[in-house]
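First comes the structure, then the notes that go with it.
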Amino acid sequence: MLEDLLATHFGYQSFRPGQKEILLHLQKRENTIGILPTAGGKSLIYQIYQYLNPGPILLISPLLALMEDQVSQLQALGFKASVAITSQLSKQEKNWLLHHLHDFQFIIMSPEMLSQPAVLRRLRQIAIKLMVIDEAHCISQWGYDFRPEYSALRQFRQALNHPLTLALSGSASQNTLAEIAQHLFSDWESYQQVQCPLDRPNLFYGQLKLNEKDKFLHLNSLLETLPKPGIIYVHNKMELEELYQDLKASSQLKLASYHADKTSEERLQVQEQFQKGHLDAILATSAFGMGINQANVRFVIHYHAPQSLADYLQESGRCGRDGQEALVLLYSNPQEISRLNYFKEQIDAQAVPFYQGLNQAYKWAGFLQSQPFLALEEQIQNLITYFYYNYSPQDKEQIQKDFQNYQKIKKNEIEQMIQYLTLKSCYRRYLLSHFSKERISTNRFCCSHCQADFEDTATFKEYLTLAPNRLVNPKEKVLKDWRARLNVLFLS
């Protein structure tokens, strides 16, 4: 039956690893955590579940761009009754959608939207068939993309009478998996875990050790020869803009920059240009990527190293989703290692502002909305917010213990990244060994340790001949349509 649905509605003859296993668990009404590789077909699972059990599916998604993209994809696949409830809706639009919520097949929102009493109250009135947590690694309280509302998902599920739940992610360590379960399920609830092989043989993991000047010259030259499009990750906004201007001045490539200082309209415009094939490359901070479902990205270059292997695996997984070869390249030098060691030292420096801020929050009810709080670094804000809502002032010993555990985890993550930069063995095996126990076999397109002169190999030269795919994704023709139809309803 499942294979018939797959062939009839999606045109595939067989499931990818993990998809059918997860569906069978859901059919038995078993909560499930699914770890599938990027491009592993996570969305197909809840789409097929809609055919099996028609009714409202609540999809919790982390980013506005990702929600818009998910609505477009779902509508293009025939799920016309799909909607994203976001902060960009007018009060009139939001009220209309909440009133008609029971009519929708897919209801997409952020955990922050779910936390609003009016939204939660309305969701309790409809029969939710399935609750899906997309990008579930965001639940991890120590993740770079951590948001306090993710840690309250268990309470939200409790308020919704514990709906059948599916948590999906493209990568998660054993610690993160434990945190996902802890923040989603009550102690009495059971759940199944499906973890698929994360190795993607079409990705080549390269690492080049070059000083800062040679690094720029190499990148500038390499961009002329690489198949397009691609993503270049840079550590911070200032360095990103400097690199962006230097590359623009020395090449004819169509480039754009993306970071948190851009307005939401500017970021959405860059994403649309990228998805339509109008750009050769985007220079971005870690803020870019989760909202992009682009199959033909041919390279991901890290101009600076991220602060954890989890970030590196997530970001590098955004290329080669069409199954063709793609390059993952990381520039390394002693300055990079010094920079990571500096970040490690800064973790200890977080203790004073954290404890001071948390004490203030307990003494002053409005502290979390105050100017002194907003002046703190974002990571300190997140930590204070999390501990404030999850601990009482009497939990001093537990707060100290858990904060010190957080510091230990963060330092360990940075240390693992430093080890990766100084590694003298297969990069692919080291990277994947932190997330999976699968056996990794070396192939002809493996890494720059296993193929040291990779730029001279026949395989890499074949990769360079891949033509850029500049076709516009047909899903764009679905319009930003649910918005257009909503406007028609209000005007009629």
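Take the sequence shown: its letter number 198 is residue 205 in the numbering used here, and every next letter is one higher.
Every residue, glycine too, gets a C-beta built ideally from N, C-alpha and C.
Just so you know, these numbers come straight off a predicted model, no measurement behind them.
For this session: Return the chain-ordered ranges of every alpha helix (DSSP H) run that is complete within the stretch 177-250 and spans a minimum of 4 residues.
Result: Inside the stretch 177-250, DSSP marks whole alpha helix (DSSP H) runs of 4 or more residues at positions 181-191, 219-232, from first to last along the chain.
Exercise. Given a threshold of 16 other Cβ atoms within 10 Å of its Cβ, counted over all protein chains shown, does R328 qualify as buried or as exposed?
Worked result: To locate residue 328, count along the sequence shown from 1; it is residue 321. Burial call: buried.
For this session: For L381, collect the residues of the same chain with a Cβ closer than 8 Å to its Cβ; drop the 5 residues on either side in sequence, then sort them by chain order.
Result: The residue given as residue 381 occupies position 374 in the sequence shown. Cβ neighbours of L381 beyond the five flanking positions: Q388.
For this session: Kindly indicate which three-state DSSP category A288 falls into: helix, strand or coil?
Result: In the sequence shown, the residue the question calls residue 288 occupies position 281. Three-state DSSP puts A288 in a strand.
Problem set entry | From I42, A179, E156, I40, residue whose alpha carbon lies closest to that of A317 | By one-based count along the sequence shown, residue 317 stands at place 310. Measuring from the Cα of A317, the nearest candidate turns out to be A179.
Problem set entry | Contacts around R6, its chain only, beta-carbon distance under 7 Å, and the 5 residues preceding and following it disregarded | Residue 6 is absent from the structure shown; the chain starts at 8 and stops at 499.
For this session: Mind listing, in chain order, the continuous beta strand (DSSP E) runs of no fewer than 3 residues lying wholly within the stretch 301-334?
Result: 306-309
Problem set entry | The beta strand (DSSP E) enclosing G41, as first and last residue numbers | Against the sequence shown, residue 41 aligns to sequence position 34. 39-42 is the span of the beta strand (DSSP E), which, as asked, contains G41.
For this session: Flag Y369 as yes when its Cβ comes closer than 8 Å to any non-hydrogen atom of the ligand FAD, and as no otherwise.
Result: What this structure holds is no ligand at all, so the ligand FAD is not there to describe.
Exercise. When burial is assigned at 16 or more other CB atoms within 10 Å of the CB, is H32 buried or exposed?
Worked result: Reading the sequence shown from its first residue, position 25 is the one you call residue 32. Under this definition H32 is a buried residue.
For this session: Using the Cα positions of A143 and A174, report the straight-line distance between them to the nearest angstrom.
Result: As a position in the sequence shown, residue 143 is number 136, starting the count at 1. As a position in the sequence shown, residue 174 is number 167, starting the count at 1. If you take the alpha carbons of A143 and A174, they lie about 6 Å apart.
Problem set entry | Terminal residues of the beta strand (DSSP E) in which Y265 lies | For the purposes of this step, residue 265 is taken as residue 258 along the sequence shown, with counting starting at 1. Counting along the chain, Y265 sits inside the beta strand (DSSP E) bounded by residues 262-265.
For this session: Using the DSSP secondary-structure output, state which residues sit across from I140 in a beta bridge.
Result: Taking the sequence shown and counting its residues from 1, the one referred to as residue 140 is at position 133. In the DSSP assignment, I140 is bridged to I67, A174.
For this session: For G150, count neighbouring Cβ atoms within 10 angstroms of its own Cβ and tell me buried if that reaches 16, exposed if not.
Result: As a position in the sequence shown, residue 150 is number 143, starting the count at 1. Any reading at G150 must be qualified, since the residue scores a pLDDT of 48, below 50, and its modelled position is unreliable; no value is offered.
Exercise. For F394, does the three-state DSSP call read helix, strand or coil?
Worked result: Along the sequence shown, one-based indexing puts residue 394 at 387. Here F394 sits in helix by DSSP.
Exercise. So, helix, strand or coil for W149, using DSSP?
Worked result: As a position in the sequence shown, residue 149 is number 142, starting the count at 1. Summary for W149: the model assigns pLDDT 47, below 50, so the residue's position carries little reliability; its value from the coordinates is reported in the next sentence. In the structure shown, W149 sits in coil (DSSP, three-state: anything other than H, G, I, E or B).
Exercise. Looking at the structure shown, is S473 part of a helix, part of a strand, or coil, going by DSSP?
Worked result: Within the sequence shown, the letter at position 466 stands for residue 473. It should be noted that the sequence gives Leu, not Ser, for residue 473. Coil.
Exercise. For chain D, is any of its Cβ atoms less than 9 Å away from the one on L347?
Worked result: In the displayed structure, chain D is absent; only one protein chain is listed.
Exercise. Do the stretch 106-113 and the stretch 83-90 touch if we need at least three Cβ pairs shorter than 8 Å?
Worked result: yes
Exercise. So what does DSSP say about A91, is it helix, strand or coil?
Worked result: Counted from its first residue, the sequence shown places residue 91 at position 84. Of the three classes helix, strand and coil, the one that applies to A91 here is strand, per DSSP.
Exercise. Around the C-beta of D141, are 16 or more other C-beta atoms found within 10 angstroms, so that it is buried, or is it exposed?
Worked result: As a position in the sequence shown, residue 141 is number 134, starting the count at 1. Looking at its Cβ environment, which holds 16 or more other Cβ atoms inside 10 Å, D141 is buried.
Exercise. What is the DSSP secondary structure of Y19, reduced to helix, strand or coil?
Worked result: Position 12 of the sequence shown, counted from the first residue, corresponds to residue 19. Here Y19 sits in coil by DSSP.
For this session: Starting from the Cα of V241, find the closest Cα among I135, K222, S455 and give me that residue.
Result: Within the sequence shown, the letter at position 234 stands for residue 241. Out of I135, K222, S455, K222 has the C-alpha closest to the C-alpha of V241.
Exercise. Does DSSP put M116 in a helix, in a strand, or in coil?
Worked result: Taking the first residue of the sequence shown as position 1, residue 116 is located at position 109. Here M116 sits in strand by DSSP.
For this session: Compare the C-alpha of S79 against each of S50, N348, G62 and name the closest.
Result: By 1-based counting over the sequence shown, the position of residue 79 is 72. Out of S50, N348, G62, S50 has the C-alpha closest to the C-alpha of S79.
Exercise. A459: buried (16+ other C-beta within 10 angstroms of its C-beta) or exposed?
Worked result: What you label residue 459 is simply residue 452 of the sequence shown in a count that begins at 1. With fewer than 16 Cβ atoms within 10 Å of its Cβ, A459 is classed as exposed.
Exercise. Where do the ends of the alpha helix (DSSP H) carrying R36 lie?
Worked result: Residue numbering aside, residue 36 sits at position 29 when the sequence shown is read from its first letter. Segment: none, R36 is in no alpha helix (DSSP H) and carries neither H nor E.
Problem set entry | Same chain only: Cβ atoms within 6 Å of T392, ignoring 5 sequence neighbours per side | By one-based count along the sequence shown, residue 392 stands at place 385. Contacts found: P155.
For this session: May I have the straight-line CA-CA distance separating P400 from Y369, to the nearest angstrom?
Result: Numbered from 1 along the sequence shown, position 393 holds the residue referred to as residue 400. Numbered from 1 along the sequence shown, position 362 holds the residue referred to as residue 369. Cα to Cα, the separation comes out at about 7 Å.
For this session: Name the residue from L334, I187, R207 whose alpha carbon lies nearest to the alpha carbon of Y198.
Result: By one-based count along the sequence shown, residue 198 stands at place 191. Of L334, I187, R207, the residue nearest in Cα terms is I187.
Exercise. Can you list, in chain order, the residues of its chain whose CB lies under 8 Å from that of V126, leaving out five sequence neighbours each side?
Worked result: For this step, residue 126 is matched to residue 119 along the sequence shown. Excluding residues within five positions, the ones whose Cβ falls inside 8 Å are I92, L105, M116, M120.
For this session: Please say whether K255 and L286 have beta carbons closer to each other than 9 Å?
Result: As a position in the sequence shown, residue 286 is number 279, starting the count at 1. As a position in the sequence shown, residue 255 is number 248, starting the count at 1. Taking 9 Å as the Cβ cut-off, L286 and K255 do not qualify as a contacting pair.
Exercise. Would A267 be called buried (16 or more neighbouring beta carbons within 10 Å of its own) or exposed?
Worked result: Locating residue 267 in the sequence shown gives position 260, where the first residue counts as 1. Exposed, because fewer than 16 other Cβ atoms sit within 10 Å of the Cβ of A267.
Exercise. By a C-beta neighbour count over all protein chains shown, 10 Å radius and 16 as the cutoff for buried, is D76 buried or exposed?
Worked result: Stepping through the sequence shown from its first residue, residue 76 is reached at position 69. By the 10 Å Cβ count, D76 comes out buried.
Problem set entry | 9 Å Cβ cutoff met for A312 and I238 | In the sequence shown, the residue the question calls residue 312 occupies position 305. In the sequence shown, the residue the question calls residue 238 occupies position 231. Not a contact, by the Cβ cut-off of 9 Å.
Exercise. Where does L160 fall in DSSP's three states?
Worked result: In the sequence shown, residue 160 corresponds to position 153, counting from 1. Of the three classes helix, strand and coil, the one that applies to L160 here is helix, per DSSP.
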